[in-house]
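Colleague: Sharing a structure here in structure tokens format.
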Amino acid sequence: MNDDKTEFLVISSKSIAKKFPSPLMNIAHHHIEPALAARNIGVIMDSQASIVGHVPSICRSAYIHIYNIGKINKYLDRESLETVIHAFITSRLDYCNSLLCGIPSFLICHLQRIQNIAARIITGHPRHDHIPPVLYSLHWLPRS
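For the sequence shown, the numbering used here gives the first residue as 623, with consecutive numbering after it.
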């Protein structure tokens, strides 16, 4: 058993979590404490069954890829650039997006910002141009 990768999550409301102590699991003489958040199939969920921590993870990953794509975009034609953006950015935004239903609007704004940056990279539009026409020209729907 890999102690660094083994974790479990106790899902409950905040009020119930305060009433009961954290359980410990013993598996083959290994003591495992519950994690505050756990990753399952690439989605981060916390102990209140909320995925609020998942959106910053998506954004962090996307910004790293946007930075790297920005370094090489002058060497790519538009079709190749679209393929790279779809492979590294929009695929991350779309993965398990049904779980994002009902999240607060400020988190959706973070995801929308990444989509806007990706659209600007593909089309070459300046940062201060109005973005909805750019999104529609790519046949992308706004996130909000």
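Yeah, the Cβ is synthetic: ideal placement off N, Cα and C, and Gly gets one too.
In this text, all values refer to a predicted model and were calculated from it rather than measured experimentally.
Along the chain, where does the alpha helix (DSSP H) containing Ala740 start, and where does it finish?
Modeller: Sequence index remark: in the sequence shown, residue 740 carries index 118 (1-based). 727-745 is the span of the alpha helix (DSSP H), which, as asked, contains Ala740.
Colleague: Taking the straight line between their C-alpha atoms, what separation do you get for Leu733 and His651?
Modeller: The count along the sequence shown starts at 1 and reaches residue 733 at position 111. The count along the sequence shown starts at 1 and reaches residue 651 at position 29. Approximately 43 Å, taken between the alpha carbons.
Colleague: Out of Asn738, His750, Cys681, which has the shortest C-alpha to C-alpha gap to Tyr758?
Modeller: Indexing the sequence shown from 1 puts residue 758 at position 136. It is Asn738 whose Cα lies nearest to the Cα of Tyr758.
Colleague: What's the call for Arg768, buried or exposed, on a 16-neighbour Cβ count within 10 Å?
Modeller: Outside the displayed span of the chain (623 to 766) sits residue 768, for which this structure offers no information.
Colleague: Mind reading off the beta-carbon distance from Tyr717 to Gly675? Whole number of angstroms is fine, and I expect it under 8 Å.
Modeller: Locating residue 717 in the sequence shown gives position 95, counting from the first residue. Locating residue 675 in the sequence shown gives position 53, counting from the first residue. Rounded, the Cβ-Cβ distance is 15 Å, inconsistent with contact.
Colleague: Please look up how many angstroms separate the CB atoms of Ile680 and Arg714, rounded, as I've assumed it's under 8 Å.
Modeller: What you label residue 680 is simply residue 58 of the sequence shown in a count that begins at 1. What you label residue 714 is simply residue 92 of the sequence shown in a count that begins at 1. Ile680 to Arg714, Cβ: 6 Å. Contact.
Colleague: Is the stretch 680-698 touching the stretch 636-646, taking contact as three or more C-beta pairs under 8 Å?
Modeller: As far as the Cβ criterion goes, the stretch 680-698 does not touch the stretch 636-646, which means the pair count is below three.
Colleague: Give me the residue from Leu763, Leu721, His761 with the minimum Cα distance to Ile673.
Modeller: Numbered from 1 along the sequence shown, position 51 holds the residue referred to as residue 673. Nearest of Leu763, Leu721, His761 to Ile673, Cα basis: Leu721.
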